[in-house]
Amino acid sequence: SSYIITQALKACTQIGDLRRGSTIHHLIPSRIKDNSYILTSLIHLYMQCGDVTRAQLLFDSTSKKILQMYGAMMKAIDLFNEIKNPDEVSIIILFNACAQLGTNEALNLTKKVS
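All residue numbers for the sequence shown refer to the working numbering, where the first residue is 55 and numbers rise by one.
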């Protein structure tokens with residue numbers, strides 16, 4: 055059931071087990087892969103475990119975004135602020151996430167990066 059999957063993903067997120075969470079992701083039956091709660095849990099897992107690229111791909115491929123997904127993507131901003139020397143890829147991913155969210159954070163972060 056989708057409830058069990060979201061709980062398993064939350065547990066992986068809490069202990070930072072990206073490998074196990076990714077395995078669960080690939081075992082999710084196709085009939086429930088578009089469940090917004092499962093997608094939110096996956097985005098949160100990838101974001102918390104530092105795989106911003108996969109989180110961004112999931113977010114971008116989701117046609118019906120819910121508020122919780124946007125909240126999970128906001129973690130990208132927090133994650134970026136923890137990076138001491140971000141590379142170009144990190145900056146591009148961050149700006150893309152901010153653009154998707156429609157926030158002013160991208161503008162503020164431009165000043166930080168400059």
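Glycine residues also receive a C-beta, built at the ideal position from the N, C-alpha and C atoms.
If you draw a straight line from the C-alpha of alanine 62 to the C-alpha of serine 95, how long is it?
9 angstroms
Could you check the C-alpha separation between methionine 123 and serine 84 for me, to the nearest Å?
20 angstroms
Express the C-alpha separation of methionine 127 and phenylalanine 113 in angstroms, rounding to a whole number.
8 angstroms
Per-residue DSSP class, three states only, for lysine 87
coil
Would you kindly report the start and end of the unbroken alpha helix (DSSP H) that includes lysine 64?
56 to 69
Using a Cβ cut-off of 8 angstroms (strictly closer), state whether alanine 65 contacts chain D.
The structure shown has no chain D; it contains just one protein chain.
Aspartate 105 (DSSP reduced to helix, strand or coil):
coil
Check whether the Cβ atoms of isoleucine 92 and serine 56 sit closer than 8 angstroms, and answer yes or no.
yes
Isoleucine 92 (DSSP reduced to helix, strand or coil)
helix
Can you tell which of Leu72, Gly125, Ile59, Cys66 has its C-alpha closest to the C-alpha of arginine 108?
Leu72
Hey, quick one: how far does the alpha helix (DSSP H) through threonine 77 stretch, first residue to last?
72 to 81
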